[in-house]
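The structure appears below as structure tokens.
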Amino acid sequence: MTAQTQPAITADDLGEAVGKIAAFAALSLHESFPHLDLDELVETFTRECATDFLSRRFLAGLDEGKSPGQAAGAAGSELIRRWADARNAARQTVTA
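Under this note's numbering, the residues of the sequence shown are numbered 7 to 102, in order.
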């Protein structure tokens, strides 16, 4: 039994993938919740901490044998979940 390996990903390819994941996550949230400002979502999801997170999650997904699309979807979904959790925690702090 041989292990399948993903082809090496270049820094440019990783950057492009992370940018697309961030853009799709922002657009998805904005389409579901139009009161959320798209520009602010894009700014939030393209900050260094977010792109580092997306890079790590995307590469981990590839290492787990997921297709690039599956890895991207999982990374984007997790980014949205973490963003929502942080937003809810901030709201609770303000109202407490």
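Note that CB positions come from ideal geometry on N, CA and C, so glycine has one too.
Residue i in three-state terms, based on DSSP
i     : result
Lys26 : helix
Ser38 : helix
Glu70 : coil
Thr99 : helix
Ala78 : helix
Thr52 : coil
Ile86 : helix
Asp4  : Outside the modelled stretch of the chain, which goes from 7 to 102, sits residue 4, for which no answer is possible.
Asp43 : coil
Ala31 : helix
Near the ligand NAD: residue i beta-carbon under 7 angstroms from a heavy atom
i     : result
Ile15 : This structure does not include the ligand NAD; it has no bound ligands of any sort.
For this session: Mind the definition here: the stretch 33 to 43 touches the stretch 52 to 63 only if three or more C-beta pairs lie below 8 angstroms; say whether that holds.
Result: Judged by Cβ distances under 8 angstroms, the stretch 33 to 43 makes no contact with the stretch 52 to 63, as fewer than three pairs qualify.
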